[in-house]
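The block underneath contains the structure these notes are about, expressed in structure tokens.
2 protein chains.
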Amino acid sequence: MKIYEDSYAPNPRRVRIFLAEKGIDDVELVPVAIMNGEHKTPEFRTRNASMRLPVLELDDGTHIAESRAICTYFEAIKPEPPLMGVGAVDRALVEMWDRRMELELFLTVANCFRHTMSFMAALEQQIPEWGEVNKTRGQKRLKALDKQLADREFIAGERYSIADITALVAVDFGKSAGIEAPEDHANLRRWYDAVSARPSAKV
Amino acid sequence: MKIYEDSYAPNPRRVRIFLAEKGIDDVELVPVAIMNGEHKTPEFRTRNASMRLPVLELDDGTHIAESRAICTYFEAIKPEPPLMGVGAVDRALVEMWDRRMELELFLTVANCFRHTMSFMAALEQQIPEWGEVNKTRGQKRLKALDKQLADREFIAGERYSIADITALVAVDFGKSAGIEAPEDHANLRRWYDAVSARPSAKV
Numbered sequence: 001m002k003i004y005e006d007s008y009a010p011n012p013r014r015v016r017i018f019l020a021e022k023g024i025d026d027v028e029l030v031p032v033a034i035m036n037g038e039h040k041t042p043e044f045r046t047r048n049a050s051m052r053l054p055v056l057e058l059d060d061g062t063h064i065a066e067s068r069a070i071c072t073y074f075e076a077i078k079p080e081p082p083l084m085g086v087g088a089v090d091r092a093l094v095e096m097w098d099r100r101m102e103l104e105l106f107l108t109v110a111n112c113f114r115h116t117m118s119f120m121a122a123l124e125q126q127i128p129e130w131g132e133v134n135k136t137r138g139q140k141r142l143k144a145l146d147k148q149l150a151d152r153e154f155i156a157g158e159r160y161s162i163a164d165i166t167a168l169v170a171v172d173f174g175k176s177a178g179i180e181a182p183e184d185h186a187n188l189r190r191w192y193d194a195v196s197a198r199p200s201a202k203v
Numbered sequence: 001m002k003i004y005e006d007s008y009a010p011n012p013r014r015v016r017i018f019l020a021e022k023g024i025d026d027v028e029l030v031p032v033a034i035m036n037g038e039h040k041t042p043e044f045r046t047r048n049a050s051m052r053l054p055v056l057e058l059d060d061g062t063h064i065a066e067s068r069a070i071c072t073y074f075e076a077i078k079p080e081p082p083l084m085g086v087g088a089v090d091r092a093l094v095e096m097w098d099r100r101m102e103l104e105l106f107l108t109v110a111n112c113f114r115h116t117m118s119f120m121a122a123l124e125q126q127i128p129e130w131g132e133v134n135k136t137r138g139q140k141r142l143k144a145l146d147k148q149l150a151d152r153e154f155i156a157g158e159r160y161s162i163a164d165i166t167a168l169v170a171v172d173f174g175k176s177a178g179i180e181a182p183e184d185h186a187n188l189r190r191w192y193d194a195v196s197a198r199p200s201a202k203v
């Protein structure tokens, strides 16, 4: 198995953390430099027509793109420790929280980053006003997340899950786009320090 | 079980189609009028702090928000017919296609709709330029989808899946935002006619 990825991009990091939490270390990582446009070559498009990273290549040549779909594959072939919930209700609730972290935080941060950072002009038709709207939304979402973490250890409850991975990567991505949690967000800080201290966060 | 939803909104339709395909007809539908702001009341926020529809309420009071997470719950309690893939690889590939249809088509259409339709100004800080960028992207994504459907009956392969539901709702949503597939997109037309003719598409 191989994973085509870029160590500077946030989405591939989601999968690397997931694999580290699973204790899976036999997947070859193949670098593809987004800033050099290597994800847009005709050769790469045969792996993922959407021209995004990461992409998992199975030994039979099957390609699986989309970070969360790649995680779904690994959750199925190595269920322990569970990172996507156990049982019908828990699986749905973990997915709900993972989607909230992705759609409400990660994509908001991404929009801010893509539309406000000057070096992203090569990759995005930038609309700075849209970037600023997302900066404000990102800050607000972090504030709401701080409140939501008041009565729970992790994003989706009492167990570390894929929702923590998505949120951690989004928070770190946010820093590079100027979206930071203020120091007085004590619950968010406590959660962030805990998930950042796990060995998986270093990959 | 109850589902809080709005029959005019696209996301609740995703869940209604999913339930119809599963043959599940014992879930009470409770209307919540988005255009009247009923999804933002303090009472509704106790069901979903993100103020979005649909929300599934289980008999024990548990709330599950996010369309796809709700579908994950129903797939687990009633696996037949499978709509989210069977086995590790297929589950991942169906999720990959579902995400492509959601992130690349549905959200693109939603951005166009929210930022260009004048009556949406009450719900969105509109940036018309961003709406137009998404209109162009939506048209392009439909063109790419037409090519992708040349060698497969359904979005994720030879079996109808949740990815077809997401795509169907996105295509119909797109029409209301002025994003239409040209008549010469024969593969897309063939697929659209087939999935639209299923009884589930009428709910």
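Respectively, the protein sequence lines represent chains D and X. Each residue of the first sequence is one higher than the one before, counting from 1 in my numbering. Each residue of the second sequence is one higher than the one before, counting from 1 in my numbering. Glycine is no exception: its CB is placed at the ideal position from the N, C-alpha and C atoms.
Reference A92(D); option with closest CA among A170(X), V133(X), L107(X) and L58(X): L58(X)
Euclidean distance between Cα positions of L145(X) and S118(D): 31 Å
Contact under 8 Å by Cβ, A201(X) with V195(X): yes
C-alpha distance - E95(D) paired with A156(D), whole-angstrom precision: 9 Å
Euclidean distance between Cα positions of V89(X) and Y73(D): 6 Å
Alpha carbon of V32(X) to alpha carbon of T108(D), nearest angstrom: 26 Å
Closer than 7 Å at the beta carbon, the chain X residues around T72(D): R91, A92 and E95
Under 7 Å by beta carbon: chain D residues contacting E104(X): In chain order: S50.
From E153(D), V86(D) and C112(D), residue whose alpha carbon lies closest to that of R189(D): E153(D)
Own chain residues within Cβ distance below 8 Å of L103(X), not counting five before or after: none
Given 8 Å, three or more beta-carbon pairs between the stretch 47–55 of chain X and the stretch 61–73 of chain D: no
Closer than 8 Å at the beta carbon, the chain D residues around I64(X): V89, A92, L93 and M96
Residue interval of the alpha helix (DSSP H) (run including V169(X)): Where V169(X) is concerned, the enclosing alpha helix (DSSP H) stretches over I162 to S176.
Contacts of R99(X) in chain D (Cβ-Cβ under 8 Å): E66, R68 and A69
Where E5(D) sits in the DSSP three-state scheme: strand
Residues of its chain near V203(X), where Cβ-Cβ distance is below 7 Å and the 5 sequence neighbours each way are ignored: R16, I17 and A20
Bridge partner(s) assigned by DSSP for L107(X): BP columns for L107(X) are empty, so no partner.
Own chain residues within Cβ distance below 7 Å of Q139(D), not counting five before or after: Setting aside the 5 residues that flank it on each side, Q139(D) is surrounded in the same chain by I179, each with a C-beta closer than 7 Å to its C-beta; the list follows chain order.
Beta-carbon gap between L105(X) and S161(X) smaller than 8 Å: The answer is no: Cβ separation not under 8 Å.
Reference M101(D), options E183(D), R14(D) and Y8(D), closest by Cα: Nearest of E183(D), R14(D) and Y8(D) to M101(D), Cα basis: R14(D).
Through-space distance from N48(X) to G37(D), alpha-carbon basis: Spanning the two alpha carbons is a distance of roughly 40 Å.
Of the listed residues G174(X), I77(X), R159(X) and R141(X), nearest to T116(X) (C-alpha basis): G174(X)
D6(X) to A110(X) span [Cα, whole Å]: D6(X) and A110(X) have their alpha carbons spaced roughly 16 Å apart.
CA nearest to the CA of R114(D), picked from W97(D), N134(D) and R159(D): N134(D)
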